[in-house]
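See structure below.
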Amino acid sequence: MALPPGPREPAIVQLVQFTQRPLEWLDDCARRYGDPFTSHFPGLGAFVLASSPALIKEIFTGDADVLHAGKANAMLEPFVGKHSVLLLDGAPHLRQRRLLSPPMRGERMQAYASLIGEITRAELARMPVGEPFSLHEHMQSITLEVILRAVFGLEEGAHMRSLRSLLLAMLEPPPAIMAFIPVRYLDFPLSPYRTFVKRRAAVTRSLREVIRARRAALAAGGEPGTDILSLLLTARDEVGAPMTEDELCDELVTMLVAGHETTATALSWAFACLLEHRHVAERLRAEIAGEEDPAALAGVEYLDLVVKETLRLRPVIPDVVRKTQRPVTFAGHELPAGVSLTPCIHLAHRRPESWPDPDRFDPERFRGAKLDPYAWFPFGGGIRRCIGMAFAMYEMKIVLGTILPRVELRLAKPGTVPVVRRTITLAPKHGTRVIIEGRRRDAARRVA
Ligand code: HEM
5 MALPPGPREP AIVQLVQFTQ RPLEWLDDCA RRYGDPFTSH FPGLGAFVLA SSPALIKEIF
65 TGDADVLHAG KANAMLEPFV GKHSVLLLDG APHLRQRRLL SPPMRGERMQ AYASLIGEIT
125 RAELARMPVG EPFSLHEHMQ SITLEVILRA VFGLEEGAHM RSLRSLLLAM LEPPPAIMAF
185 IPVRYLDFPL SPYRTFVKRR AAVTRSLREV IRARRAALAA GGEPGTDILS LLLTARDEVG
245 APMTEDELCD ELVTMLVAGH ETTATALSWA FACLLEHRHV AERLRAEIAG EEDPAALAGV
305 EYLDLVVKET LRLRPVIPDV VRKTQRPVTF AGHELPAGVS LTPCIHLAHR RPESWPDPDR
365 FDPERFRGAK LDPYAWFPFG GGIRRCIGMA FAMYEMKIVL GTILPRVELR LAKPGTVPVV
425 RRTITLAPKH GTRVIIEGRR RDAARRVA
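Set out below in structure tokens:
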């Protein structure tokens, strides 16, 4: 069995390249070895990376019993827990997805519009004027708050404050390379991993209290809220069974881990792209001028184009993985079991055949265009496509559309914002450092 060609450096060198200079390394490999190519990472085996729409389609529509995403995500177990949808395959995965998906569908989003607008305006008021600061930290505060309130259904108060600080402690990012090192090498007395496990346990205890209190309120005849936890508590699978407390707990952490940092990073990228391209920012301001209602903001077409183009040019996650459970034929190669078939989002999003002048930030390319799910897939694809896609894009539009018209904003350092890796995400260097030069007069009143 012959794998497609690829770099011959030792696996550890390949891993260091992939974590330290991800885009340059991926571009370089694609140029030298073509599509697909094979790379090796220590302890993780062979990865076959693909980028053409035909190959991506083959993977995303392939037999889900043979191409397992849950197995490929096994490293996430300490974070998300063994019941997480991210770790499951086959029938258990489908059951969990069916339970989780309805509250996350596009048509439900309107329920969260004013909440997202309100959280964004409060955070905007906390941003300093006239001095450089990292936008990313503020985007993290917004996306965490949105998850605590729209997903977990918490109200401001002592409980929410304590859960917020427990979650922030748990989410402290470890060095990027640790995301690729199997747990058995990290688990020793006084290791940062052990500290993390303790923090995760504290989060679990706190979440169990939230779930029990909400269940008790429902049992006592209380009205379910519009938050996602309330909807999950009333969800039933095909045999009429509700989700267990363990499942609910792991899925809440999953949504937090999968949805908080990713959306914050995508927002930081959107601001970086807009501030690098002032004419696009000005056009966007003009298109949303005077629009106050958050739900209507989410309907502004140009905002939609800007969000899609940001996710194309600066995808937050560079690739997704499906692990072969038995030998398969792929692109004319006989691949053994245990290979990680890897649709590479970064490379697919820069193919000139799909995206003319691919390095250019141009929201117009999406106007009237039918989205090809095998050429544009910042949220992955097939039966594993991100459950939070509609939610994340909706949130991004409201946050961008609320902040942009209210402030005069510029990059602290003009030029292109470089890409750096933060654990598994690709983030703007220094979290997009900006300066607010002033609050817009009419908007300042609204912020106050
Ligand atoms: C811009 C923000 C986001 C990006 C870029 C993103 C990206 C992704 C990607 C690439 C995957 C893997 C898909 C695959 O393997 O094909 C994924 C899965 C997932 N995401 Fe997101 N995501 C974002 C926001 C969210 C949010 C807000 C939530 C929930 C509140 C969420 C929940 C999930 C879940 C539960 C899965 C697992 C789906 C499964 O395994 O079936 N994500 N996301």
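Position 152 (the sequence shown) corresponds to 156 in our numbering; numbering is contiguous. Where is the CB? At the ideal position from N, CA and C, for every residue including glycine.
Endpoints, the alpha helix (DSSP H) within which residue i is located
i: E81; result: 81-84
i: P57; result: 57-64
i: V214; result: 196-223
i: H1; result: Nothing about residue 1 can be reported from this structure: the residues present for the chain run from 5 to 452 only.
i: E3; result: There is no way to answer for residue 3, as the model of the chain reaches only from 5 to 452.
i: E127; result: 114-130
i: V3; result: Absent from the model: residue 3. The displayed extent of the chain is 5 to 452, so no value can be given.
i: L3; result: Nothing can be reported for residue 3: it is not among the residues displayed for the chain, which extend from 5 to 452.
i: I1; result: Lying outside 5 to 452, the shown extent of the chain, residue 1 is not represented and no answer is given.
i: P96; result: 94-104
Residues of its chain near residue i, where Cβ-Cβ distance is below 7 Å and the 5 sequence neighbours each way are ignored
i: P14; result: none
i: S105; result: I391
i: R449; result: With a pLDDT of only 46 at R449, under 50, the local geometry of the prediction cannot be trusted, and the value read off the model is given with reservation. Excluding sequence neighbours, R449 sits near nothing in its chain.
i: R414; result: L279, V438, I439, E441
i: S210; result: S166, L167, L170
i: G121; result: P298, I402, T406
i: P474; result: The structure shown has nothing for residue 474, since the chain only spans 5 to 452.
i: L315; result: A270, P382
i: V332; result: V70, L339
Buried/exposed call for residue i, threshold 16 Cβ in 10 Å
i: I321; result: buried
i: L71; result: buried
i: Q144; result: buried
i: L194; result: exposed
i: T429; result: buried
i: F192; result: exposed
i: H283; result: exposed
i: E127; result: buried
i: E111; result: exposed
i: E265; result: buried
i: P360; result: exposed
i: A373; result: exposed
i: A356; result: The residue you asked about is not Ala; residue 356 is Pro in the sequence shown. When all chains shown are included, P356 counts as exposed.
i: D32; result: exposed
i: D363; result: exposed
i: R240; result: exposed
i: I459; result: Within the shown structure, residues of the chain are numbered from 5 to 452, placing residue 459 beyond reach of any answer.
i: D93; result: buried
i: G225; result: exposed
i: I232; result: buried
Chain-order list of residues whose beta-carbon lies under 6 Å from that of residue i (same chain, five-residue window excluded)
i: V324; result: P347, G384
i: A299; result: Q114, A117
i: R369; result: none
i: Q24; result: none
i: A34; result: L351
i: N77; result: L90, L91
i: G10; result: Y37, F41, T42, S43
i: R388; result: A73
i: S358; result: A379
Boundaries (first-last residue) of the beta strand (DSSP E) holding residue i
i: V424; result: 423-426
i: H163; result: First-last for H163: 162-175, but that is the alpha helix (DSSP H), not the beta strand (DSSP E).
i: S344; result: 344-347
Same chain, Cβ closer than 8 Å to residue i, five either side skipped, listed in chain order
i: A6; result: H337, E338
i: R289; result: L408, P409
i: Q329; result: D69, V70, L71, H72, K75, A341
i: T208; result: G85, C253, V257
i: P432; result: H140, T269, S272, W273, A276, R318, V421, P422, V423, V424
i: I123; result: I146, E149, V150, R153
i: K401; result: L301, A302, V304, L307, D308, V311
i: L237; result: I215, R218, R219, L222, P228, P246, M247, L252
i: P26; result: P322, H350, V423, R425, L430
i: V451; result: For V451, the pLDDT reaches just 44, beneath the cut-off of 50, and the residue's location in the model is therefore unreliable, leaving the point undetermined.
Bridge partner(s) assigned by DSSP for residue i
i: G49; result: F45
i: I440; result: L413
i: E305; result: Answer is none; E305 lacks a bridge partner.
i: A431; result: V424
i: H72; result: K327
i: A54; result: P347
i: T23; result: BP columns for T23 are empty, so no partner.
i: E338; result: T333
Neighbour flag for residue i against chain B, beta carbons, 9 Å
i: I215; result: Judged by its chain identifiers, the structure shown contains no chain B, having just a single protein chain.
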